[in-house]
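Asker: In this note's numbering, the protein residues as written are 1 to 68.
Note that the Cβ used here is the ideal one computed from N, Cα and C, for glycine as well.
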């Protein structure tokens with residue numbers, strides 16, 4: 001599942017995000033242009049999660065999952 005496509009500097013429609021170590025998280029708000037959500041063990045996971053310092057550049061490629 002992906003979120004609606006967005007352009008420019010718009011924020012995603014995620015209400016809040018507790019993954020404060022994600023490079024897209026600023027003050028508990030998601031600043032990824034779009035997110036991918038997966039499911040593991042009956043729990044939704046953000047597949048766009050990318051810990052600060054682990055991604056290369058500022059690509060929008062999904063990282064490893066994180067609980068939402």
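(1) Apart from the five residues on each side of it in sequence, which residues of its chain come closer than 7 Å, Cβ to Cβ, to residue 25?
(2) Should residue 22 and residue 35 be called a contact, given that it needs their Cβ atoms to be closer than 7 Å?
(3) Spell out the partners DSSP gives residue 77 in its beta bridges.
(4) If we ignore side chains and look at the alpha-carbon of each, how far apart do residue 27 and residue 52 end up?
(5) Please go through the same chain and pick out, in chain order, the residues whose beta-carbon is closer than 6 Å to the beta-carbon of residue 40, but skip the five residues on each side of it.
Answerer: Looking at the atomic coordinates:
(1) 17 and 19
(2) When the beta-carbon positions are compared, residue 22 and residue 35 stay at least 7 Å from each other.
(3) Limits of the chain in this structure are 1 at one end and 68 at the other, which puts residue 77 out of reach.
(4) 14 Å
(5) none
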